[in-house]
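Sequential numbering from 45 applies to the sequence shown in our numbering. Beta carbons: idealized from backbone N, C-alpha and C, even for Gly. Quick caveat: nothing in here was measured; it's all calculated off a predicted structure.
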Amino acid sequence: YDGLKRQRLTKPMMKDESGNLTPCTWEEALVEVAQKMTHLSGNEIAAVAGGFADAEALVALKDLLNSYDSEGLYTEEGFPSDGSGTDFRSSYIMNTTIAGIED
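See below:
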């Protein structure tokens, strides 16, 4: 299914009192989302990112989820899950530490 060609949202929308989606401004949509997110805990929030999401957007999304103590980021692409602490810089840099430079 290609959501970019059919049924793509081109402006923000919110549900009205009867449950129908109606156009709104970006400010209205973001304020509504922010108000609803203030009462969430980590096990109540998750995000799904498509394969075309760029690295900067994924990092920002992951940072947002981390601020809620949530590990609920799901993508179309698989990531290795065998290592722990994947958010730590030491998990992905290739440089050794100063203490281990001679090893």
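Stretch-stretch touch, CB-based, cutoff 8 angstroms, three pairs: the segment 61 to 69 with the segment 91 to 98: As far as the Cβ criterion goes, the segment 61 to 69 does not touch the segment 91 to 98, which means the pair count is below three.
Cross-strand partners of methionine 58 (DSSP beta bridge): For the purposes of this step, residue 58 is identified with residue 14 of the sequence shown, where counting begins at 1. Note: methionine 58 sits in a beta bridge opposite Thr66.
Same chain only: Cβ atoms within 7 angstroms of glutamine 120, ignoring 5 sequence neighbours per side: Counted from its first residue, the sequence shown places residue 120 at position 76. Here residue 120 turns out to be glutamate, not glutamine, going by the sequence shown. Close CB contacts of glutamate 120 within its chain, under the 7 angstroms cut and outside five residues either way in sequence, are with Gly94, Gly95 (chain order).
Start-end ranges of the alpha helix (DSSP H) lying completely within the segment 62 to 118, minimum 4 residues: Within the segment 62 to 118, the complete alpha helix (DSSP H) runs of at least 4 residues are 70 to 81, 99 to 111.
Given 8 angstroms, three or more beta-carbon pairs between the segment 106 to 118 and the segment 82 to 91: When C-beta atoms of the segment 106 to 118 are compared with those of the segment 82 to 91, three or more pairs fall below 8 angstroms, so the two segments count as touching.
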